[in-house]
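Quick notes on the structure that follows.
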Amino acid sequence: MINKKAQEEIMGFALIIVLVAIIGLIFLGFSLRNPQKEIVESYEVESFIQAFLQYTTDCGNYRENYLPIQKIISKCVDDETCLDGRDSCDVLSSTLTEIIEESWKVDGDRPIQGYKLEIVLEDGTEVIPLISNGNSTKNSKGVLQPFMPLGENYEIYFTVYY
Numbered sequence: 006m007i008n009k010k011a012q013e014e015i016m017g018f019a020l021i022i023v024l025v026a027i028i029g030l031i032f033l034g035f036s037l038r039n040p041q042k043e044i045v046e047s048y049e050v051e052s053f054i055q056a057f058l059q060y061t062t063d064c065g066n067y068r069e070n071y072l073p074i075q076k077i078i079s080k081c082v083d084d085e086t087c088l089d090g091r092d093s094c095d096v097l098s099s100t101l102t103e104i105i106e107e108s109w110k111v112d113g114d115r116p117i118q119g120y121k122l123e124i125v126l127e128d129g130t131e132v133i134p135l136i137s138n139g140n141s142t143k144n145s146k147g148v149l150q151p152f153m154p155l156g157e158n159y160e161i162y163f164t165v166y167y
């Protein structure tokens, strides 16, 4: 009788192991079927534009020593210079290039393959030359941000390729 009890306990233990394994496989199957997160989400691109518009540059005027990019865009369109004599368009272009290169790295095996930034007036005139790097692919997230400081209408296009 003692031997039969041991055999029944081993069979029960083996049954529990089999049930746990089956449940584990079911959960593994569901987790593998879930779609993967996008590499770049639309809200990330939109938030990036909102953030860089508030970024403070080292270009100033007679009232303020440091102007945000949104004010430098207007200065660039009006062909104004910074207090230290630099061209506002050059400051805008170099500052945006630095910000984008640090935020959206495309070198090596990174998931981001490229980007493109355009700032144009309502009539289609470019405010600064196109800022781009990397490759254009079929997969992209982009956003158009209308921008209207002091009566001027600008459109900011930013696209990230992955």
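Just so we're aligned, residue 6 is where the sequence shown starts under my numbering, counting upward by one.
Heads up, the beta-carbon is just placed ideally off N, CA and C, and yes, glycines get one too.
Being a predicted model, the structure only gives us computed values, none of them experimental.
Same chain only: Cβ atoms within 6 Å of residue i, ignoring 5 sequence neighbours per side
i           : result
residue 123 : 135 and 162
Per-residue burial, residue i [other beta carbons within 10 Å of its own, 16 or more giving buried]
i          : result
residue 28 : exposed
residue 47 : exposed
residue 96 : buried
residue 22 : exposed
residue 98 : buried
residue 10 : exposed
residue 32 : exposed
Enclosing alpha helix (DSSP H) for residue i [first to last residue]
i           : result
residue 75  : 74 to 82
residue 101 : 93 to 108
residue 136 : Where residue 136 is concerned, there is no enclosing alpha helix (DSSP H), although the beta strand (DSSP E) it sits in stretches over 136 to 139.
Spatial neighbours of residue i in its chain, beta-carbon cut-off 7 Å, leaving aside the 5 residues before and after
i           : result
residue 105 : 120, 122 and 136
residue 109 : 117, 120 and 165
residue 63  : 71
Residue closest to residue i, alpha-carbon to alpha-carbon, out of the options
i           : options             : result
residue 113 : 139, 46 and 159     : 139
residue 102 : 133, 151, 34 and 20 : 133
residue 49  : 78, 14, 148 and 131 : 148
residue 82  : 17, 167 and 131     : 131
Residue range of the beta strand (DSSP E) that includes residue i
i           : result
residue 164 : 159 to 166
residue 148 : 145 to 152
Residue i CB to nearest heavy atom of the ligand GTP below 7 Å
i          : result
residue 48 : With respect to the ligand GTP, the structure offers nothing, as it holds no ligand at all.
Requested in this report: For the stretch 139 to 146 and the stretch 99 to 119, state whether three or more C-beta atom pairs, one from each stretch, are separated by less than 8 Å.
Outcome: Touching, yes, given that three or more Cβ pairs across the two stretches are closer than 8 Å.
**Report entry** the stretch 50 to 61 in contact with the stretch 69 to 83 per 3-pair CB rule at 8 Å
**Finding:** The stretch 50 to 61, when compared against the stretch 69 to 83, does touch it at the 8 Å Cβ threshold.
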